[in-house]
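Below is one structure, written out as structure tokens; comments come after it.
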Amino acid sequence: MDPDAEKCPVCGARFRGTCDCSRCGANLTPLLRTLARAWLARRAARKALVEFDFDRSARWTGLAQNLHVTAEGRLLASICAAFRRIEHL
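Using our numbering, read the sequence shown as starting at 32 and increasing by one per residue.
Okay, structure coming up:
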């Protein structure tokens, strides 16, 4: 996970495993839900990749990256793009 995503967007405090920031009290639920949705989208992208459905994998990867940019997401996008190019040779 991106180190900045593990911090409160209001005050920068590290997550402490609660839905409210321990320092400023900000509600982190929307952020945590977004991070979870991105994680689920990356999982769906990996599943589609294993099933050789490169277009579907690329769509899930794009959704995940729109929600939360990660190194894993960039790698998945590169893999999808490479396989899609090979598929159309």
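Every residue gets a Cβ at the ideal spot worked out from N, C-alpha and C, and that includes glycine.
Within 8 Å, strictly: CB atoms of residue i and residue j
i	j	result
Thr-65	Ala-76	no
Arg-73	Ala-95	yes
Cys-42	Cys-52	yes
Nearest-angstrom Cα separation, counted from residue j out to residue i
i	j	result
Phe-85	Ala-112	8 Å
Leu-107	Ala-69	13 Å
Leu-62	Glu-118	37 Å
Gly-56	Leu-80	40 Å
Ala-67	Ala-89	18 Å
Arg-45	Arg-115	39 Å
Asn-58	Gly-48	12 Å
Arg-87	Lys-78	10 Å
His-99	Arg-105	11 Å
Ser-109	Arg-54	38 Å
Glu-82	Leu-120	19 Å
Three-way DSSP call (helix, strand, coil) for residue i in this model
i	result
Asp-84	coil
Arg-45	strand
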